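Residues in the sequence shown are numbered from 1471 upward in steps of one, following the working numbering. C-beta: ideal position from N, C-alpha, C; glycine also. Fair warning: this is a prediction, and the values are worked out from it, not measured in the lab. Report on one structure; see the data block that follows.
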Amino acid sequence: MWKVWVFLAPLCPICQDYTFYLNAMHAQWEQEHPGRIEFVGWFPNPTVSEEQIAEFEDRYAVEWELARDTVGWADRLNASWTPEVFVLDSLGEVRYRGRINDFYFALGKHRNSPRNQDLQDAVEALLKGENPVNAYTDVIGCPIEKRIPFNELYGHAIFPALKSAN
């Protein structure tokens, strides 16, 4: 099973804008590839409450899993931005890291519609057994300023061979 993990912040306007694209991708993948992709939005800032996550979920009509990052995945993967996406294989190896698409091309500046669908292209390539053309893309977003340190015991119980995204 492929894992699509996106790091989010409830007050980041870029995260808010990208929920439209994430919701559409999740719905498409659920229909076309049921059970092949786990889609999770992680909130790495330890001060984000369950209430804030529930409000984000309701406000942006999110139908995929949202959770506080209590394991420290952002720390382990070296996530720096929200929204920043990681696609992991069943062993926890990072196969794609970066932006959702190029809707935002600079901080506070976006196009009417994206030209490149980086995340979608990467996942579609991986589902075909191919490597993504671009396994890394630069992210425009809000910085992750606080994070929970990685819990080695719990994290490695989930992914024994988890490789760092450094």
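Nearest-angstrom beta carbon gap, residue j and residue i [assumed within contact, 8 Å]
| i | j | result |
| --- | --- | --- |
| Asp1572 | Asn1586 | 5 Å |
| Cys1485 | Pro1584 | Contact doesn't hold; Cβ gap of about 16 Å is too wide. |
| Val1609 | Trp1551 | 4 Å |
| Glu1535 | Asn1493 | Actually they do not touch by this definition, with Cβ atoms about 13 Å apart. |
Contact under 9 Å by Cβ, residue i with residue j
| i | j | result |
| --- | --- | --- |
| Val1541 | Phe1477 | no |
| Ala1479 | Phe1513 | yes |
| Ala1524 | Thr1489 | no |
| Gly1505 | Ala1537 | no |
| Arg1637 | Asp1559 | This structure cannot speak to residue 1637, because the chain is shown only from 1471 to 1636. |
| Ile1570 | Val1555 | yes |
| Gly1611 | Cys1482 | yes |
| Trp1472 | Leu1561 | no |
Cβ neighbour criterion (16 or more within 10 Å) applied to residue i
| i | result |
| --- | --- |
| Val1456 | For the chain, the structure presents residues 1471 to 1636; residue 1456 sits outside this window and is missing. |
| Met1495 | buried |
Cβ-based neighbour list, residue i, same chain, cut-off 8 Å, excluding 5 preceding and 5 following
| i | result |
| --- | --- |
| Ile1618 | Pro1514, Pro1516, Asp1539, Thr1540, Val1541, Gly1542, Ala1544 and Asp1545 |
Spatial neighbours of residue i in its chain, beta-carbon cut-off 6 Å, leaving aside the 5 residues before and after
| i | result |
| --- | --- |
| Gln1522 | Pro1480 |
| Ala1595 | Pro1602 |
Nearest residue (CA-CA) to residue i, options the options
| i | options | result |
| --- | --- | --- |
| Asp1588 | Gly1599, Gln1498, Glu1600 and Thr1607 | Thr1607 |
| Glu1615 | Val1518, Ile1507 and His1503 | Val1518 |
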